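Read the structure below first, then the notes.
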């Protein structure tokens, strides 16, 4: 997926901060460029490839690139705000000082806010920017991203997380929190990729949706495992901080071996869902699911 | 405009916080409901009425209501984040404790983030919510709102504002800051209302755009005047804080009489632009422009 990664980086470098006042542009670019696994945008491109292999959509590549960058900007803004002193108060991210350390709290707050808006600017640009993506595709991408980012998605999951520090959640509640906090945006990535192709058979849409849900949950289980087993240098962020903050995690709930078994089970569910989608070109999606489960940072 | 106001309040009460986790929903509703002049949503509805009076768009009322609530949510989130300790550190807003005072800083940060996402969820809903607004209208509303809210709009203006505390701006730079910080979203309100009607003659679109720009700037000039002349009880927020923070304002630049003359000049420019739009039903827009200039809070 090296060419896809290069396209994503180039597009982000072109779009992020363009037209913004100097200081704000610098903080936005610092938050987004030169870092991150780009898992979400890669999922968008891979899902677009799988969904597009059936039909003929000349705008597919552009729609997928805009959607890929949009979802990455939502992810990036959430990290900027999460790291702020009033939230996780973290000073290290992707091996660099966090945005509020570098640009001040007000600068980080504003950069995050502007990144969220930019996600939607990219997906639905005004007439002064050339864009060949049909309006119905733009509208559906907006809907999926907004739902995935908002109170019924990522922001809702963070709110549950915030309220649950020091509490003992049962597995159902923990799963619900993660389904929203991390899963919603990962699932949205897959669904957005699928939406780039326009209309899809119901089986394909449903299979991709279930694939995204399983990968999203697996990601969080592995995150919880790495928080315990990896060191800060490898992670590029502070390790062990969930345990230190007495946050509920899969490891706390299931033990380390139980969490590993759960990650494997979710990987299997993702592959079954993908097979049920009945699409020809799903190798990249499969590889990304494997990467999510096998990653060491 | 009492019926319009009632429709806006009812729609916000129905939409804000729906489906969100309890604590988050409460903070979002606290930030939005039961307060505010609703100037931006009223501008959307008035512009939709003016633009729609020419053609026949059965979805017009729904599109305008969704757009009206969307722009109000962007405004509301910006106030929540602005009031936070790292920005203006304000404890009073609309006569009530600010959101971070009531729900903590992390709660305010998340509520603001979720409100921004909700703005786009309302304008471009997923299939599980009934919506008769055509996709091209949804896409254009998204584009206008995202641009108005982002780094080339409101967030950009706030960044300039932040960087300019204690600095002496000349009139051109001050005007540019306010054009973005307050003007962009007010102008977007008018353009979003116009977009609800679908295609419009170029003269109408241009006239409404210039009307929105003049009203947006007039709003800020009057804000600067009120910061000096009104008391906190009338304003429902802390008076005199711009001067205390040594922020550049129109009053600091032009003096009180000069600022008043500038507000009058902009009101005249707004009415001229409206006349040039050549639309039949512009009484509500005219009344709103008058309200912006004559308001005492």
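Residue numbers (our numbering), protein chains in the order written: chain C, 4 to 300; chain D, 4 to 300. The C-beta atom is built at its ideal place from N, Cα and C for all residues, glycine as well. Only a predicted model underlies this, so the values are computations on that prediction, with no experimental measurement involved.
Is residue i helix, strand or coil by DSSP?
{"i": "residue 99 (chain D)", "result": "strand"}
{"i": "residue 275 (chain C)", "result": "helix"}
{"i": "residue 62 (chain C)", "result": "coil"}
{"i": "residue 203 (chain D)", "result": "coil"}
{"i": "residue 81 (chain D)", "result": "helix"}
{"i": "residue 300 (chain C)", "result": "coil"}
{"i": "residue 285 (chain D)", "result": "coil"}
{"i": "residue 26 (chain C)", "result": "helix"}
{"i": "residue 139 (chain D)", "result": "helix"}
{"i": "residue 128 (chain C)", "result": "coil"}
{"i": "residue 88 (chain D)", "result": "coil"}
{"i": "residue 172 (chain D)", "result": "coil"}
{"i": "residue 72 (chain D)", "result": "helix"}
{"i": "residue 20 (chain D)", "result": "coil"}
{"i": "residue 151 (chain C)", "result": "helix"}
{"i": "residue 36 (chain C)", "result": "coil"}
{"i": "residue 93 (chain C)", "result": "coil"}
{"i": "residue 252 (chain C)", "result": "coil"}
{"i": "residue 192 (chain D)", "result": "helix"}
{"i": "residue 4 (chain C)", "result": "coil"}
{"i": "residue 111 (chain C)", "result": "helix"}
{"i": "residue 44 (chain C)", "result": "helix"}
{"i": "residue 226 (chain D)", "result": "helix"}
{"i": "residue 234 (chain D)", "result": "coil"}
{"i": "residue 156 (chain C)", "result": "coil"}
Going by the beta-carbon positions, is the gap between residue i and residue j smaller than 7 Å?
{"i": "residue 156 (chain D)", "j": "residue 207 (chain D)", "result": "no"}
{"i": "residue 205 (chain D)", "j": "residue 135 (chain D)", "result": "no"}
{"i": "residue 111 (chain C)", "j": "residue 103 (chain C)", "result": "yes"}
{"i": "residue 53 (chain D)", "j": "residue 291 (chain D)", "result": "no"}
{"i": "residue 167 (chain C)", "j": "residue 88 (chain C)", "result": "no"}
{"i": "residue 217 (chain C)", "j": "residue 296 (chain C)", "result": "no"}
{"i": "residue 55 (chain C)", "j": "residue 200 (chain C)", "result": "yes"}
{"i": "residue 158 (chain C)", "j": "residue 116 (chain D)", "result": "yes"}
{"i": "residue 83 (chain D)", "j": "residue 34 (chain D)", "result": "yes"}
{"i": "residue 189 (chain C)", "j": "residue 160 (chain C)", "result": "no"}
{"i": "residue 165 (chain D)", "j": "residue 109 (chain C)", "result": "yes"}
{"i": "residue 20 (chain C)", "j": "residue 9 (chain C)", "result": "no"}
{"i": "residue 154 (chain C)", "j": "residue 23 (chain D)", "result": "yes"}
{"i": "residue 276 (chain C)", "j": "residue 213 (chain C)", "result": "yes"}
{"i": "residue 215 (chain D)", "j": "residue 231 (chain D)", "result": "no"}
{"i": "residue 169 (chain D)", "j": "residue 97 (chain D)", "result": "no"}
{"i": "residue 139 (chain C)", "j": "residue 138 (chain D)", "result": "yes"}
Strictly below 9 Å CB to CB, what residues from chain A border residue i?
{"i": "residue 87 (chain C)", "result": "Going by chain labels, chain A is absent from the structure shown, which instead holds the protein chains C and D."}
Could you round the C-beta distance between residue i and residue j to whole angstroms and report it? I think they count as a contact, below 8 Å.
{"i": "residue 223 (chain D)", "j": "residue 181 (chain D)", "result": "4 Å"}
{"i": "residue 253 (chain C)", "j": "residue 262 (chain C)", "result": "4 Å"}
{"i": "residue 45 (chain C)", "j": "residue 7 (chain C)", "result": "6 Å"}
{"i": "residue 185 (chain D)", "j": "residue 210 (chain D)", "result": "Residue 185 (chain D) to residue 210 (chain D), Cβ: 21 Å. No contact."}
{"i": "residue 80 (chain C)", "j": "residue 129 (chain C)", "result": "21 Å between Cβ atoms; not a contact."}
{"i": "residue 51 (chain D)", "j": "residue 63 (chain D)", "result": "6 Å"}
{"i": "residue 274 (chain D)", "j": "residue 228 (chain D)", "result": "Incorrect: roughly 20 Å between the Cβ atoms, too far for contact."}
{"i": "residue 172 (chain C)", "j": "residue 18 (chain C)", "result": "38 Å between Cβ atoms; not a contact."}
Cutting at 6 Å between CB atoms, please list the residues of its own chain near residue i, excluding the five before and the five after it.
{"i": "residue 122 (chain D)", "result": "73, 76 and 77"}
{"i": "residue 304 (chain D)", "result": "This structure gives no information on residue 304 (chain D), because the portion of chain D shown stretches from 4 to 300."}
{"i": "residue 152 (chain C)", "result": "77"}
{"i": "residue 279 (chain D)", "result": "210"}
{"i": "residue 12 (chain C)", "result": "none"}
{"i": "residue 272 (chain C)", "result": "217"}
{"i": "residue 68 (chain C)", "result": "14"}
For residue i, which residues of its own chain have a beta-carbon under 7 Å away from its beta-carbon, when the five flanking residues on both sides are left out?
{"i": "residue 225 (chain C)", "result": "266, 295, 296 and 298"}
{"i": "residue 256 (chain C)", "result": "174 and 177"}
{"i": "residue 105 (chain D)", "result": "33"}
{"i": "residue 16 (chain D)", "result": "36"}
{"i": "residue 127 (chain D)", "result": "141 and 145"}
{"i": "residue 203 (chain D)", "result": "54 and 197"}
Grab me the residues of residue i's own chain with a C-beta within less than 8 Å of its C-beta, minus the 5 sequence neighbours each way, in chain order.
{"i": "residue 179 (chain C)", "result": "163"}
{"i": "residue 131 (chain C)", "result": "none"}
{"i": "residue 26 (chain D)", "result": "106 and 110"}
{"i": "residue 269 (chain C)", "result": "217, 218, 220, 221, 224 and 296"}
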